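Numbered according to my numbering, the sequence shown spans residues -17 to 206. From the three backbone atoms N, C-alpha and C, an ideal C-beta is built for every residue, glycine too. Please read these numbers as outputs of a predicted model, since none were measured by experiment. Report on the following structure.
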Amino acid sequence: MSDLRVAPLATATSTIRLGTAGTAAGSFLAKFLSEWIKSHPDTVLRVVEDGAARLTRRLWEGEVDLAIIASPIPASFESYPITRVGISAHFPPGHALDRMASGVTASDLAPYPLLVNQPSFISAQLIAAEFEQASVRPNIVYRSSVGQTLGSLAEAGMGIALFSESVDMRSTSLRSRPMVDAEGKQLEFHLRIAWRREDDAPELREFGRELSEFVMSNWQPYGH
């Protein structure tokens, strides 16, 4: 858990515990917090990093006050929308997949070593479900919680990296194609900022509303 604030800790009058995946923290959340923290000097923001799936449990059990999690949202939570995030395959220029004009399927990916997130990540769960639906066994050779690590390994020729479009890979030479299902629809999930209904304090609702408005107005997934 990390504390983020501007003023000295002794002057704080309230604390918000925020759960987020590392990919969100490194993309839209960092830009939002750089302004939000300055305008809320009396609040300590404690950030808990975890996979989106585990964050739902953490929020349910009261380990965090707010969490960025994927839909569907349990009925016991209130939430605001954040963004839609697709899943893509990333590979070096000249790879056989680079010749494909559209998305790649589980069957297209089957011959190659794959680099994916840890099982607690929504993207990893969607990828696993798609391989199971296609009756294809994936050749997963490396797992990481950090998308940039997977991208670096793909750039080094270690395999095909599969992760969400919330990871910024613009500084690499990697090519990408959306990962699609049998009908050609990209695998995707929708993120929301959520809090427990029983904890519907004004400061939680305000934080959620401000984050939602900021992301929906100022940020798009890097695959767009």
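Please check the pair residue i and residue j, which I expect to be a contact at CB under 8 Å, by giving their CB distance rounded to whole angstroms.
i      : j       : result
Thr25  : Thr(-3) : 7 Å
Leu135 : Phe73   : Leu135 to Phe73, Cβ: 11 Å. No contact.
Leu96  : Gly141  : 6 Å
Arg40  : Asp32   : 6 Å
Starting from residue i, trace the alpha helix (DSSP H) both ways and give me its first and last residue.
i      : result
Phe189 : Pro184 to Asn200
In angstroms with no decimal places, state the Cα-to-Cα distance between residue i and residue j.
i      : j      : result
Ile175 : Val30  : 14 Å
Pro184 : Arg119 : 48 Å
Glu45  : His77  : 44 Å
Val105 : Ile19  : Checking the displayed sequence, the identity of residue 105 turns out to be Ser instead of Val. Looking at the two C-alpha atoms, the distance is approximately 29 Å.
Arg36  : Asp80  : 34 Å
Asp207 : Lys13  : Outside the shown range of the chain, which is -17 to 206, sits residue 207, and nothing can be said about it.
Ser153 : Thr131 : 13 Å
Give a single yes or no on whether residue i has its beta carbon closer than 6 Å to a heavy atom of the ligand ADP.
i     : result
Gly44 : In the structure shown, the ligand ADP is absent, as is every other ligand, since no ligand is present at all.
For residue i, which three-state DSSP category applies?
i      : result
Glu112 : helix
Phe145 : strand
Gly68  : strand
Glu31  : strand
Does the beta carbon of residue i come closer than 7 Å to any beta carbon on chain C?
i      : result
Trp177 : Annotation note: the requested chain C is absent from the structure, which comprises a single protein chain.
Exposed or buried, what is residue i when buried is set at 16 or more other beta-carbons lying within 10 Å of its beta-carbon?
i       : result
Leu(-9) : Bear in mind that a pLDDT of 47 at Leu(-9), under 50, signals an unreliable position, so the model cannot answer this.
Ala52   : buried
Asn121  : exposed
Looking at the secondary structure, which residues open and close the beta strand (DSSP E) in which residue i lies?
i     : result
Ile50 : Leu48 to Ala52
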